[in-house]
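Trainee:
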Amino acid sequence: MRSPTDMTKMTRLAILGALAIVLSALENTLLPEVPFMPPGSKPGLSNVVTMLAACRFGPAATLYIIVIKAVFVLVTRGASAFGMSLAGGILSGIVITVMLRINSVNISYIGISVLAASAHNTAQLVISMLYTGSAVMINYLPLLLVFAVLSGIITGVLLQVLLPRIQTAADASG
């Protein structure tokens, strides 16, 4: 039988998973394509949830959010998008987890988010090159890294603003 603490954690992770899916769906349906970026480029707002899970619950929760988001992508956009989502999510999750653990240089959430976004875009580019069998996609890397910096700043700022509020609410609820 699970303890009330375990049930609370599971409930919070389920809510985070649902939030990640909702943010991903909204981002894919409401935000227009960025004109100068490769098709499908989005700011990755659901990555705020991934970073939140990493900060509050650790690596296993981070992987749970990554897999939930990737399965949603599989169901809504197909196997190719799933592979790219999963690869990007796993590499960025590793970066987030490692940076949070070894943060001896006190890098901010914004810095971690920029590194994670860069890792995510790089992994997706590698998967894209494997799918197409062409190294030509590497030409997008500089543009993707610029976009990763911008999107990483956005998600990092959101996390910096939200995390203290979430911590306060969690402390108040027990």
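The numbering of the sequence shown is our numbering, which starts it at 537 and goes up by one. Glycine is no exception: its CB is placed at the ideal position from the N, C-alpha and C atoms.
Considering only C-alpha positions, which residue in the set 688, 567 and 698 is nearest to residue 632?
Mentor: Position 96 of the sequence shown holds residue 632. The shortest Cα separation from residue 632 among 688, 567 and 698 belongs to 688.
Trainee: Residue 711: which of 589, 612, 579 and 614 sits nearest, CA to CA?
Mentor: A question about residue 711 goes unanswered here, because the residues of the chain that appear run from 537 up to 710.
Trainee: With three or more beta-carbon pairs closer than 8 Å as the criterion, would you say the segment 639-647 touches the segment 664-681?
Mentor: No, they do not touch.
Trainee: Check whether the segment 652-665 touches the segment 604-612, taking contact to mean three or more Cβ pairs, one atom from each stretch, closer than 8 Å.
Mentor: no
Trainee: Can you give the Cα-Cα distance for residue 572 and residue 620, rounded to whole angstroms?
Mentor: Walking along the sequence shown from the start, residue 572 turns up at place 36. Walking along the sequence shown from the start, residue 620 turns up at place 84. Those two C-alpha atoms are separated by around 20 Å.
Trainee: Decide if residue 594 is buried, meaning its Cβ has at least 16 other Cβ atoms within 10 Å, or exposed.
Mentor: Here residue 594 corresponds to residue number 58 of the sequence shown, with the count starting at 1. By the neighbour-count rule (16 or more Cβ atoms within 10 Å), residue 594 is not buried but exposed.
Trainee: Pick helix, strand or coil for residue 578, following the three-state DSSP scheme.
Mentor: Translated into positions along the sequence shown, residue 578 becomes position 42. Residue state, collapsed to three classes: coil.
Trainee: Leaving out five residues on either side along the sequence, give the residues of the same chain with a beta carbon under 6 Å from the beta carbon of residue 583.
Mentor: Position 47 of the sequence shown, counted from the start, is the residue given in the question as residue 583. When the five nearest sequence neighbours on each side are left out, the beta carbons in the same chain lying within less than 6 Å of the beta carbon of residue 583 are those of 691, in order along the chain.
Trainee: What would DSSP say about residue 639, mapped onto helix, strand or coil?
Mentor: Sequence index remark: in the sequence shown, residue 639 carries index 103 (1-based). Looking at residue 639 - three-state DSSP - the assignment turns out to be coil, as it is neither helix nor strand.
Trainee: Looking at the unbroken alpha helix (DSSP H) that takes in residue 567, where does it start and where does it end?
Mentor: Here residue 567 refers to the residue found at position 31 when the sequence shown is read from its first residue. Taken as a continuous stretch (DSSP letters only), residue 567 belongs to no alpha helix (DSSP H), as it is neither H nor E.
Trainee: Grouping DSSP H, G and I as helix and E and B as strand, with all else coil, what is residue 629?
Mentor: The residue given as residue 629 occupies position 93 in the sequence shown. It is helical.
Trainee: Starting from residue 665, trace the alpha helix (DSSP H) both ways and give me its first and last residue.
Mentor: Residue 665 sits at position 129 when you count from the first residue of the sequence shown. Unbroken alpha helix (DSSP H) run through residue 665: 645-668.
Trainee: What number of angstroms, rounded off, separates the C-alpha of residue 566 from the C-alpha of residue 558?
Mentor: Residue 566 sits at position 30 when you count from the first residue of the sequence shown. Residue 558 sits at position 22 when you count from the first residue of the sequence shown. Just so you know, the alpha carbons of residue 566 and residue 558 end up roughly 12 Å apart.
Trainee: Can you say whether residue 672 is buried or exposed, counting buried as having 16 or more other CB atoms within 10 angstroms of its CB?
Mentor: Here residue 672 refers to the residue found at position 136 when the sequence shown is read from its first residue. So residue 672 counts as exposed.
Trainee: Using a Cβ-Cβ cutoff of less than 6 Å, which residues in the same chain neighbour residue 713 once the five nearest sequence positions on both sides are dropped?
Mentor: The structure shown does not extend to residue 713, since the chain is modelled only from 537 through 710, so no value can be given for it.
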